[in-house]
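Okay, structure first, notes after.
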Amino acid sequence: MADQEKLQQLFNKYLLRECTPREVEELVSLLKGKNAGDILSPRMQELWNQIRQNPQTYPVDWERMYQQIQQEVPSADGRRAKVRRMAIRVAAAIAGIIVLSGGWYLWNKNISLGKENIPVASVKLHDVPPGGNKAVLTLANGASIILDQAANGTLTKQGNSQVVKLDSGELAYQPSQNNSIKGSLQYNILATPRGGQYQLRLSDGTKVWLNAASSIRFPTAFTGKERQVEITGEAYFEVAQDAYKPFIVTVRNMQVMVLGTQFNVNAYSDETVIKTTLVEGKVKVQSLNSQGNSDVMTPGQQIQLEKNGQMKLIRDADVSEEVAWKNGLFVFHNDDLPAIMRRLARWYKVEVAYKNSKVPVSHFTGAIRRQENISKVLNMLELTGGANFDIEGRTIIVSE
59 MADQEKLQQL FNKYLLRECT PREVEELVSL LKGKNAGDIL SPRMQELWNQ
109 IRQNPQTYPV DWERMYQQIQ QEVPSADGRR AKVRRMAIRV AAAIAGIIVL
159 SGGWYLWNKN ISLGKENIPV ASVKLHDVPP GGNKAVLTLA NGASIILDQA
209 ANGTLTKQGN SQVVKLDSGE LAYQPSQNNS IKGSLQYNIL ATPRGGQYQL
259 RLSDGTKVWL NAASSIRFPT AFTGKERQVE ITGEAYFEVA QDAYKPFIVT
309 VRNMQVMVLG TQFNVNAYSD ETVIKTTLVE GKVKVQSLNS QGNSDVMTPG
359 QQIQLEKNGQ MKLIRDADVS EEVAWKNGLF VFHNDDLPAI MRRLARWYKV
409 EVAYKNSKVP VSHFTGAIRR QENISKVLNM LELTGGANFD IEGRTIIVSE
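Each residue of the sequence shown is one higher than the one before, counting from 59 in the numbering used here.
Next up, the structure:
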């Protein structure tokens with residue numbers, strides 16, 4: 059009981075940056091205890107909810123903590139280096155990664171140690187940089203434009219729209235001043251590779267964020283009574299309002315119909331379900347298989363469509379996790395390791411292999427910026443003790 063109370067007391071002091079170096083050492087020791095996760099779990103869930111709701115402003119001043127340790131710990135006997143390593147480990151354990159019952163709470167804050175950057179786990183001899191804004195635009199005549207190599211400005215004309223690469227990197231379809239040109243409906247395809255993402259503005263003003271290994275097929279201008287597009291992979295939509303022209307997204311055996319709203323569709327072929335998550339507005343989701351199931355969603359809900367056509371409505375979905383990629387984050391909430399590795403594989407354009415075909419049984423909760431090199435993500439995962447990783451070229455070897 060005494061250890062439980064001490065752990066809670068030191069944990070709260072550490073969050074307030076009031077721990078002395080000796081208390082930091084004691085906290086590290088207590089965190090290794092068998093029941094540390096159970097003791098701190100309620101407090102950690104509270105902290106994680108705060109981080110999830112407003113991650114960009116989560117206040118942690120690890121530089122101040124380290125400077126305090128530097129000033130208070132002498133270096134003659136090597137004690138300073140030892141405590142510094144412990145301080146970094148606790149910073150990783152509490153602000154970066156908090157190991158609790160096989161899971162972890164992660165919030166990536168760069169821990170600046172003067173001119174040094176002390177790794178928080180084993181050093182990776184090889185590394186893989188994050189993905190970036192990469193995509194290929196296929197025009198109606200079959201010609202292709204590699205957008206990350208194209209200069210900003212007008213790229214071409216498609217039907218009644220000018221195709222423009224904006225200074226922000228976004229691809230925009232801008233209606234021509236002369237809209238009298240008539241002809242057959244023209245379709246373009248925007249596709250991102252593994253390790254790519256891109257933003258698109260359709261001719262009606264609808265904004266689309268395309269995740270890695272994804273595509274969208276769309277008309278260069280919307281005519282008729284509906285606005286229809288098709289996607290693969292994952293995309294986030296901010297649909298321009300038009301009460302007379304519903305916006306329809308078709309993905310494999312499902313359709314999402316809206317008038318004006320914000321939502322995310324995750325339809326990767328290597329995932330077990332297609333997930334539609336509603337942020338704002340109202341949408342109708344319909345299965346295109348023989349059963350023809352449909353449901354109407356309200357904000358904060360998610361519909362999962364299984365491969366057999368069954369639909370499941372999640373009334374209180376973790377919206378922040380589903381749309382985090384669009385905001386430059388990986389967010390995991392009790393996700394298993396294979397699910398996490400699939401997401402990393404798409405973004406970092408890597409292959410994943412499990413040593414001796416053994417998949418570690420671990421679940422993780424946390425968040426980290428997508429712009430970090432993959433070694434930083436893997437190092438943080440390793441600190442949980444749930445798995446080990448080696449980087450060999452563009453292959454990640456996972457072991458227990």
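Backbone N, C-alpha and C fix where the C-beta goes; we use that ideal spot for every residue, glycine too.
- Excluding sequence positions up to five before and after E292, its CB lies within less than 6 Å of the CB of N269, S272, N324, all in the same chain and listed in chain order.
- Annotated as distal: V337 and T308, with beta-carbon spacing of 9 Å or more.
- By the beta-carbon neighbour count (other beta carbons within 10 angstroms, threshold 16), D374 is exposed.
- The closest CA to that of K64, considering only E83, E76, L88, is found on L88.
- The Cβ atoms of P188 and E440 do not sit closer than 9 Å to each other.
- Taken atom to atom, the span from the alpha-carbon of I247 to that of M399 is near 27 Å.
- M369 is the residue among I426, M369, A411, T330 whose C-alpha sits nearest the C-alpha of Q344.
- One thing to note: A279 has its Cβ within 9 Å of the Cβ of P233.
- Cα atoms of S219 and Y231: separation of roughly 6 Å, rounded to the nearest angstrom.
- Exclusion of the five residues before and after G211 leaves V222, K223 as the residues of its chain whose Cβ lies within less than 8 Å of its Cβ.
- In summary, A193 is buried, with 16 or more beta-carbon neighbours lying within 10 Å of its beta-carbon over all protein chains present.
- Per DSSP, reduced to three states, the secondary structure at E296 is strand.
- Residue environment: D185 is assigned as exposed (fewer than 16 neighbouring CB atoms within 10 Å of its CB, all protein chains considered).
- Residue range 245 to 249 is occupied by the beta strand (DSSP E) that includes A249.
- Under the DSSP assignment, P277 falls in the beta strand (DSSP E) whose first and last residues are 273 to 277.
- DSSP, read as helix, strand or coil, puts Y412 in strand.
- Closest by C-alpha distance to G263, out of G254, L229, A208, K407, is L229.
- For A425, DSSP records a beta bridge to V389.
- P233: not part of any alpha helix (DSSP H); member of the beta strand (DSSP E) spanning 229 to 233, first to last residue.
- Straight through space, the alpha carbons of G200 and V331 are spaced by roughly 32 Å.
- Within its own chain, the residues whose Cβ lies closer than 6 Å to the Cβ of E364, once the five positions on either side in sequence are excluded, are V331, listed in chain order.
- Across the structure, Q359 and A301 are spaced so that their CA atoms are roughly 22 Å apart.
- In the structure shown, L363 falls within a strand segment according to DSSP collapsed to helix, strand and coil.
- Residue G339 holds the alpha-carbon nearest to the alpha-carbon of Q299 among E380, G339, T281.
- Measuring C-alpha to C-alpha distances from L395 to each of S415, R404, G444, R428 identifies G444 as the nearest.
- In the DSSP assignment, N437 falls outside any beta strand (DSSP E) and within the unbroken alpha helix (DSSP H) covering 432 to 440.
- DSSP, reduced to helix, strand and coil, places E76 outside both helices and strands of the structure shown, so it counts as coil.
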